[in-house]
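**Student:** Submitted below is the structure of interest, expressed as structure tokens.
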Amino acid sequence: MKHPEAPIMARKRKGDDHGERLGDVDDFDDPDAEYEIIRAPFPMVRKLQRSLPEDYAGPAYIWDIDKTWLDTRFSQVKGMLKIPFEFAVDKRALPGTTALLHALRAGPSERGHAPLFFITASPPFIRRAIERKMLIDGVEFDGITYKDQVEVFRRRHFDSLREHTPFKLGALLLLARAFPPKTQIHLFGDDAERDALIYCLFADISAGRLRGADLRATLVGMGSRASYADDVGVLADELEPKERVAGIYINLVREPEGSRVAAYDGRVVGYPSAGAVARLLWQRGLVGEDGRDRVEGTGRVVIGQAPADPEGWWTPAEHRRRG
Numbered sequence: 001m002k003h004p005e006a007p008i009m010a011r012k013r014k015g016d017d018h019g020e021r022l023g024d025v026d027d028f029d030d031p032d033a034e035y036e037i038i039r040a041p042f043p044m045v046r047k048l049q050r051s052l053p054e055d056y057a058g059p060a061y062i063w064d065i066d067k068t069w070l071d072t073r074f075s076q077v078k079g080m081l082k083i084p085f086e087f088a089v090d091k092r093a094l095p096g097t098t099a100l101l102h103a104l105r106a107g108p109s110e111r112g113h114a115p116l117f118f119i120t121a122s123p124p125f126i127r128r129a130i131e132r133k134m135l136i137d138g139v140e141f142d143g144i145t146y147k148d149q150v151e152v153f154r155r156r157h158f159d160s161l162r163e164h165t166p167f168k169l170g171a172l173l174l175l176a177r178a179f180p181p182k183t184q185i186h187l188f189g190d191d192a193e194r195d196a197l198i199y200c201l202f203a204d205i206s207a208g209r210l211r212g213a214d215l216r217a218t219l220v221g222m223g224s225r226a227s228y229a230d231d232v233g234v235l236a237d238e239l240e241p242k243e244r245v246a247g248i249y250i251n252l253v254r255e256p257e258g259s260r261v262a263a264y265d266g267r268v269v270g271y272p273s274a275g276a277v278a279r280l281l282w283q284r285g286l287v288g289e290d291g292r293d294r295v296e297g298t299g300r301v302v303i304g305q306a307p308a309d310p311e312g313w314w315t316p317a318e319h320r321r322r323g
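Under the UniProt record's numbering, think of the first position of the sequence shown as 1, with each following residue one higher.
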């Protein structure tokens with residue numbers, strides 16, 4: 001199955017209505033890049049470098065960074081303290097993942113420029129280390145969103161420093177609002193945190209199955225502050241209900257046998273290595289044969305074992321709450 005290639009289009013960002021935009025980040029001194037501060041639905045800093053044509057109907061890839069691409073934990077305080085000594089994050093990419101990113105970017109034609117975005121709970125003050133690593137590894141990306149941990153700390157919301165759910169959902173919803181309606185979103189994360197659950201929530205929110213009081217109750221039940229849950233709900237209500245998620249792929253770094261993935265249905269895939277998921281992506285027509293062969297790693301993917309929900313729910317019933 002082949003997908004239409006998306007042309008690269010320059011994105012001039014002097015302002016938009018994606019969240020509450022307070023202006024460019026004054027201390028970001030890269031003259032060639034524009035960042036934006038977003039304060040709702042959650043504090044974050046974002047850089048988008050590409051817009052897609054309205055008729056685009058191909059894949060867009062959204063990746064986590066920690067334990068999905070890089071073998072790091074920069075979203076944790078002890079990880080951030082290592083940045084001065086690992087400025088370029090050299091030799092820290094997980095085996096095969098950089099080649100996998102290249103293969104996804106090139107697409108089945110091996111000459112494409114498929115949209116590639118990153119969402120990371122790492123704070124924006126280490127953006128130089130992360131984006132320098134991308135430059136070193138030749139990873140072309142179209143946008144990246146950082147969790148503004150400093151602003152969260154300033155608000156004294158200490159419980160939200162490690163709770164990433166409202167941040168990741170907010171960042172995903174903002175990207176979904178920026179994408180053309182027929183974009184097929186593929187999400188990559190890991191089982192070291194709750195990426196599979198967050199991605200399933202996003203799929204159900206996007207489709208309109210999880211909104212309003214039920215969404216609020218679900219997020220609060222997961223440990224989100226009520227104020228952030230409310231703001232995520234407001235953003236969700238502004239999004240046209242539509243099936244947007246085409247696949248969820250979880251790097252099995254904590255439980256290689258895939259027990260956490262087994263609780264989901266077959267649309268959620270766990271992978272023990274980049275090579276294993278590359279072979280699956282080739283079967284699905286998302287990467288080319290040469291790209292597949294350049295990705296190292298053995299093993300087999302783990303497919304979710306739960307029965308498909310007749311109403312299309314991605315999120316298992318035990319994780320949903322009634323408002």
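Don't be surprised by glycine CBs; every beta carbon is placed ideally from N, CA and C.
1) Tell me whether residue 321 sits in a helix, a strand or coil according to DSSP, three-state version.
2) Tell me the rounded alpha-carbon separation between residue 71 and residue 64.
3) If you compare alpha carbons, which of 188, 224, 56 is closest to residue 182?
4) Going by DSSP, what residues sit across from residue 248 in a beta bridge?
5) According to the Cβ coordinates, are residue 101 and residue 152 closer than 9 Å?
6) Look at the alpha carbon of residue 10 and the alpha carbon of residue 50, and state the distance between them as a whole number of angstroms.
7) Three or more C-beta pairs closer than 8 Å, one from the stretch 242-261 and one from the stretch 218-233: is that the case here?
8) In terms of DSSP beta bridges, what is residue 70 paired with?
9) For residue 121, does the count of other Cβ atoms within 10 angstroms reach 16, so buried, or fall short, so exposed?
10) Just checking residue 298 against the ligand HEM - is the residue's beta carbon closer than 8 Å to any of the ligand's heavy atoms?
11) Buried or exposed for residue 307, going by 16 or more other Cβ atoms inside 10 Å?
12) May I have a chain-ordered list of the beta strand (DSSP E) segments no shorter than 3 residues that lie completely inside the stretch 122-169?
13) If the criterion is Cβ atoms closer than 9 Å, does the pair residue 300 and residue 103 meet it?
14) Three-state secondary structure (DSSP) at residue 118?
15) Would you kindly report the start and end of the unbroken beta strand (DSSP E) that includes residue 343?
16) Whole angstroms are fine: how far does the CA of residue 134 sit from the CA of residue 143?
17) Tell me whether residue 35 sits in a helix, a strand or coil according to DSSP, three-state version.
18) Do you know whose CA, among 37, 160, 197, lies nearest residue 218's CA?
19) Could you tell me if residue 213 is buried or exposed, where buried requires 16 or more neighbouring beta carbons within 10 angstroms of its beta carbon?
20) For residue 117 versus residue 145, is the C-beta distance shorter than 9 Å?
21) What's the gap between the Cα of residue 220 and the Cα of residue 286?
22) Please tell me whether residue 261 and residue 278 are closer than 9 Å, where the distance is taken between their beta carbons.
23) Tell me where the alpha helix (DSSP H) around residue 219 begins and ends.
**Tutor:** Judging by the given coordinates:
1) coil
2) 12 Å
3) 56
4) 187, 268
5) no
6) Only weak support is given to the placement of residue 10: the predicted model assigns it a pLDDT of 33, under 50, and the question is left unresolved by the model.
7) no
8) 66, 93
9) buried
10) No copy of the ligand HEM occurs in the structure displayed, which carries no ligand at all.
11) exposed
12) 143-147
13) no
14) strand
15) Missing from the structure shown is residue 343; the chain here goes from 1 to 323 and no further.
16) 12 Å
17) coil
18) 197
19) exposed
20) yes
21) 36 Å
22) no
23) 212-221
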